[in-house]
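Residue 172 in full-length UniProt numbering sits at position 172 of the sequence shown; the count goes up by one each step and never skips.
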Amino acid sequence: MRVHAQRAGALLGGLMFPAWSMADWTLNMTPGVTGTSNEIFSLHMTILWICVVIGVVVFGVMFWSIFAHRKSQGAKPANFHENTLVEILWTIIPFVILVVMAIPATATLVDMYDTTESEVDIKVTGYQWKWQYEYINEDFGYFSNLSTPREQIENRQAKGENYLLEVDNPLVIPVGKKVRFLLTANDVIHSWWVPDFGVKKDAIPGFINETWTRVDKPGIYRGQCTELCGKDHGFMPVVVEAVPEEEYNAWVAEKKEAAERERQLTQKDWTMAELMERGEKAYQTACAACHQPDGSGAPPAFPALKGSPIATQDMAAHIDIVVNGKAGTSMQAFGNQLSEVDLAAVITYERNAWGNNTGEMVTPKEIFDYKNQQ
């Protein structure tokens, strides 16, 4: 009996005092880590309290009128039509309130759209379903893909701490610098959103949208694509790592060296084993979401590669569809998404994995020559 009473008391307490039973649940915005996000938060709170005051006054007068002039107390309804003073007051007062709200809102919007005098420029391109970051002034770029293991997504492993909010290559920016983002998309409309920055901007094919941020505190900040962009819309997170300027400069130098080494790998003599090892990694990152890790595909939109004519017969046709995609289908062009090395590796892998076993391989040099002939 005592146990049942305790359970009933806990349930009643949860219903009467939900804040106690849901201590980590919040409905309010977070201030964020940038000046813009704090301005947005302050604006939100200012307008919230203005609305609260309006609500209290309006409903207070309404309830007082209902109570004080109720029929049971002998109140008689007044019979009048139009009142010039009331008409003027309920026109002027809302106008003044809107002006008071518009002044800080306009100042915040002007600041949000001011992308001038940026110190770092980064082009952000949305793809189904990943992000490409290009450091315009540094001549290098890379793709950022979801890194949550498939075992977690398919419920074969316990979910990690940052489930569906972790990537292989986060966007790295310096603390205290104004960073301008140029946003576009390669295929459909995406939306780049990092709530801690107060930044959310659509990435639209054929258009360039601008936004900016200046992060005040080092750390890792996470966001998502917030536009319904296809079947894996929920699998293209945004992860930004803000680091001190010295660390950022060292990272940029390392990335530029890595990009140069990658370019030099085009001339390397690759073995089948090396291409297969690298190709498997490239396939899992770029292709497995559609064609499945085992090459079985998801027909009819995403055909199987296992035993497929495209992966077992004409090599030229295979190279063409991977590099240039196929119009009118979901098959993207990977010529600008993957390096010549990764293109050669993934094609070699597809032609020899899952029992295809053609024994054929394509080298990065052949991919380089093919792209230059187009």
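Ideal Cβ positions, reconstructed from N, Cα and C, are used throughout, including at glycine. Computed from a prediction, not measured in an experiment: that's the story for all the values here.
From residue i to residue j, what does the alpha carbon distance come to, in whole angstroms?
i, j, result
"GLY198", "ALA327", "37 Å"
"ASN357", "GLY279", "14 Å"
"VAL322", "ASP314", "13 Å"
"LEU182", "ASP121", "8 Å"
"MET45", "ILE93", "21 Å"
"VAL99", "THR36", "21 Å"
"VAL215", "GLU247", "15 Å"
"SER21", "LEU27", "Only weak support is given to the placement of SER21: the predicted model assigns it a pLDDT of 39, under 50, and the value that follows is read from those uncertain coordinates. Rounded to whole angstroms, SER21 to LEU27 spans 15 Å at the Cα level."
"HIS233", "THR34", "27 Å"
"ALA23", "ASP269", "Residue confidence is low: ALA23 scores 43 on pLDDT, short of 50, so the model does not pin down where it sits. Its coordinate-derived value is still stated next. Rounded to whole angstroms, ALA23 to ASP269 spans 60 Å at the Cα level."
"THR226", "MET29", "17 Å"
"PRO205", "VAL56", "46 Å"
"THR115", "ASP187", "25 Å"
"GLY223", "SER144", "13 Å"
"PRO149", "GLN373", "38 Å"
"ILE189", "GLY335", "21 Å"
"PRO300", "GLY307", "16 Å"
"ILE54", "ILE97", "10 Å"
"ASN209", "ALA242", "22 Å"
"GLU87", "TRP64", "21 Å"
"GLY355", "LYS201", "44 Å"
Provide the residue span of the beta strand (DSSP E) that contains residue i, from first to last.
i, result
"GLU161", "Unbroken run through GLU161: none, as it is neither H nor E."
"TYR127", "120-127"
"PHE207", "Element bounds for PHE207: n/a, residue is neither H nor E."
"ARG180", "179-185"
"LEU171", "171-174"
"VAL243", "237-243"
"TRP193", "190-194"
"TYR113", "Counting along the chain, TYR113 falls outside any beta strand (DSSP E), and DSSP gives it neither H nor E."
"PHE143", "140-144"
By alpha-carbon positions, which one of the options ends up nearest to residue i?
i, options, result
"VAL238", "PRO303, GLU360, ILE88 and VAL124", "VAL124"
"LEU48", "GLN157, GLY141, SER37 and MET101", "MET101"
"VAL172", "ALA316, ILE88 and GLU245", "GLU245"
"PRO77", "ILE66, GLY219, PHE41 and ASN83", "ILE66"
"GLU166", "GLU154, LEU146, ARG180 and GLN152", "LEU146"
"LYS365", "VAL53, VAL341, TYR135 and GLY219", "VAL341"
"THR106", "ILE40, HIS291, LYS71 and ARG180", "ILE40"
"PRO170", "ALA203, VAL188 and GLU134", "GLU134"
"PHE302", "ILE136, THR213, LYS71 and GLN292", "GLN292"
"GLU360", "SER330, MET272 and LYS201", "MET272"
"ILE367", "SER339, TRP354 and LEU109", "SER339"
"THR329", "CYS290, ILE319, ASN38 and ASP168", "CYS290"
"LYS256", "LEU343, LEU85 and ILE136", "ILE136"
For residue i, report the span of its alpha helix (DSSP H) as first-last.
i, result
"ILE367", "364-373"
"SER37", "35-68"
"GLN224", "From DSSP, GLN224 is part of no alpha helix (DSSP H) but of the beta strand (DSSP E) over 219-225."
"GLU280", "272-286"
"HIS318", "315-324"
"TRP131", "Note, TRP131: premise wrong, no alpha helix (DSSP H); beta strand (DSSP E) at 130-135."
"GLN152", "150-153"
"LEU343", "340-350"
"PRO300", "Neither: PRO300 is in no alpha helix (DSSP H) and is coded neither H nor E."
"ALA311", "309-312"
I believe residue i touches residue j by the beta-carbon criterion, under 8 Å. Please report the beta-carbon distance rounded to the nearest angstrom.
i, j, result
"VAL346", "CYS287", "7 Å"
"GLU119", "LYS177", "4 Å"
"CYS229", "GLN128", "6 Å"
"TRP131", "ARG180", "Actually they do not touch by this definition, with Cβ atoms about 16 Å apart."
**Message:** When you compare the region 184-202 with the region 229-247, are there three or more beta-carbon pairs, one atom per stretch, that lie closer than 8 Å?
**Reply:** yes
- prompt: If we count Cβ pairs, one from each stretch, closer than 8 Å, do we get three or more for the region 145-163 versus the region 259-267?
  reply: no
| query | Between the region 336-353 and the region 270-288, do three or more beta carbon pairs fall short of 8 Å? | reply | yes
Tell me, please, whether the region 242-257 touches the region 129-143 by the rule of three or more beta-carbon pairs shorter than 8 Å. yes
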